[in-house]
């Protein structure tokens with residue numbers, strides 16, 4: 001409460017403090033639920049890799065190349081979110097090892113116990 005009741009000599013700052021105080025309960029939810037991210041830019045992080053790749057390449061030579069790149073970046077992001085190494089997943093798929101379930105199964109059923117590669 002002390003943090004949200006500060007009074008300064010700056011009108012704009014006082015206004016922001018009052019506005020923030022109204023959202024105190026919502027802002028402090030992270031203390032009750034530590035799994036809540038401290039940021040709201042998850043979507044921005046998801047597209048960051050694509051933007052970086054676009055800047056590096058400047059353009060694609062074909063629509064198929066753009067789609068292939070999008071597919072790989074999507075797989076990489078999904079693997080990262082599920083705690084799976086992308087290259088282990090691709091290796092498992094290319095060599096048909098079947099040690100790692102499909103990403104659809106993992107998302108549906110939760111993270112499986114994986115055998116070491």
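In full-length UniProt numbering, the protein residues as written are 1 to 117.
Every residue, glycine too, gets a C-beta built ideally from N, C-alpha and C.
These figures come from a predicted structure and were not determined experimentally.
Under the 8 Å Cβ criterion, the region 58-76 does not count as touching the region 29-40, having fewer than three qualifying pairs. Put simply, the backbone Cα of residue 53 is about 26 Å away from that of residue 38. In this structure, residue 103 sits near residue 78, with a CB-CB distance shorter than 7 Å. Secondary structure remark: continuous alpha helix (DSSP H) runs of at least 4 residues inside the UniProt domain "Transposase IS66 central" (13-67), in chain order: 24-27, 29-32, 42-57. Annotated as proximal: residue 82 and residue 106, with beta-carbon spacing under 7 Å. Here DSSP, grouped into helix, strand and coil, assigns residue 99 to coil.
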